[in-house]
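J.: Add 628 to a position in the sequence shown, counting from 1, and you land on the number used in the numbering used here.
C-beta atoms are modelled at their ideal positions from N, C-alpha and C, and glycine is treated no differently.
Have a look at this one.
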Amino acid sequence: MTTATRTSRRTVWVAIRAMIVFTLLVGVAYPLAITGVGQLAFPTQANGSMRASGAGAPVGSALIGQQFLTAAGDPDPSFFQPRPSAAGDGYDGAASSGSNLGPENPELVGAIAERKRAVATLNGVPESRVPADAVTASSSGLDPHISEAYAAIQVDRVAEARGLDRAAVTQLVTDHTQGPDLGFLGESRVNVLELNLALEQMRG
Numbered sequence: 629m630t631t632a633t634r635t636s637r638r639t640v641w642v643a644i645r646a647m648i649v650f651t652l653l654v655g656v657a658y659p660l661a662i663t664g665v666g667q668l669a670f671p672t673q674a675n676g677s678m679r680a681s682g683a684g685a686p687v688g689s690a691l692i693g694q695q696f697l698t699a700a701g702d703p704d705p706s707f708f709q710p711r712p713s714a715a716g717d718g719y720d721g722a723a724s725s726g727s728n729l730g731p732e733n734p735e736l737v738g739a740i741a742e743r744k745r746a747v748a749t750l751n752g753v754p755e756s757r758v759p760a761d762a763v764t765a766s767s768s769g770l771d772p773h774i775s776e777a778y779a780a781i782q783v784d785r786v787a788e789a790r791g792l793d794r795a796a797v798t799q800l801v802t803d804h805t806q807g808p809d810l811g812f813l814g815e816s817r818v819n820v821l822e823l824n825l826a827l828e829q830m831r832g
């Protein structure tokens, strides 16, 4: 066996050993360590920020929006409603996206006008009070939040549907309003799922 052959075989063997070691370190040990730290330090976030009903059954994630509909497929008047979603049939995590329609696209303009009429009718308010997030989808199609303004126009409808005092429902919205991140990034917002779960607890 020549010196060149021995050197070549030694190089290949070193490369194989290095691949095995780094595969175990980076592909096995590191992910296990990070998963363990996540489960110990941030168990809720590591498991998808799932939320449960009063009975303890998971009903959704605080990170992904969902629709609240009647058996007939209409918006349920006893729940706060989310913003529209262009992800699949609505809040489909496997089809996350916006509509990709330009602001002057006739299809988008028509859809916004139709949504504005529907939201105004559902909540018994003039169309001028319907905020932008009530008629436009987010870029991901999965946004779980609505604006304070959109939550505010839904208070009367939800309170009436549930037989609750309007002031109590308004206070519930206030309690579940999150301020801008770090105090200045973004705007105040309300997580729809968490707000609706609080409503269910009030009824309970």
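I believe Glu828 touches Ser681 by the beta-carbon criterion, under 8 Å. Please report the beta-carbon distance rounded to the nearest angstrom.
T.: The pair is a contact, with the Cβ atoms about 7 Å apart (cut-off 8 Å).
J.: Would you mind sorting Val642 into buried or exposed? The rule is 16 or more other CB atoms within 10 Å of its CB.
T.: Burial call: exposed.
J.: Rounded to whole angstroms, what is the Cα-Cα separation between Asp702 and Met647?
T.: Rounded to whole angstroms, Asp702 to Met647 spans 56 Å at the Cα level.
J.: Within the continuous alpha helix (DSSP H) that includes Pro734, where are the two ends?
T.: Pro734 to Asn751 is the extent of the alpha helix (DSSP H) around Pro734.
J.: Go ahead and label Asn877 buried or exposed: buried means 16 or more other beta carbons lie within 10 angstroms of its beta carbon, across all protein chains shown.
T.: Here the chain covers residues 629 to 832 and nothing more, so residue 877 does not appear.
J.: Restricting to runs no shorter than 4 residues, where is the alpha helix (DSSP H) found entirely within the segment 666 to 722?
T.: Listed in chain order, the complete alpha helix (DSSP H) runs (minimum 4 residues) inside the segment 666 to 722 are 671 to 674.
J.: Is DSSP giving Asp803 helix, strand or coil here?
T.: Note: Asp803 maps to helix in three-state DSSP.
J.: Could you compute how far the alpha carbon of Thr639 sits from the alpha carbon of Arg645?
T.: Each residue's alpha carbon lies about 10 Å from the other.
J.: Determine the extent of the alpha helix (DSSP H) in which Arg785 is found, giving its start and end residues.
T.: Here the alpha helix (DSSP H) through Arg785 covers Val783 to Arg790.
J.: Could you check the C-alpha separation between Arg637 and Thr651 for me, to the nearest Å?
T.: Computed Cα separation, rounded: 21 Å.
J.: What does a CB cutoff of less than 7 Å around Ala826 pick up in its chain, not counting 5 residues either side in sequence?
T.: So the list reads Leu800 and His804, once near-sequence residues are dropped.
J.: For the alpha helix (DSSP H) that contains Ala780, what are its first and last residues?
T.: Per DSSP, Ala780 belongs to the alpha helix (DSSP H) from Glu776 to Ala780.
J.: Distance check for Gly721 and Met830, CA to CA, integer angstroms please.
T.: Rounded to the nearest angstrom, the two C-alpha atoms are 30 Å apart.
J.: Using a Cβ-Cβ cut-off of 6 Å (strictly less than) and excluding sequence neighbours within five positions of Thr798, which residues of its own chain qualify?
T.: Contacts found: Val783.
J.: In the DSSP assignment, the beta strand (DSSP E) including Val818 goes from what residue to what residue?
T.: Taken as a continuous stretch (DSSP letters only), the beta strand (DSSP E) holding Val818 covers Arg817 to Asn819.
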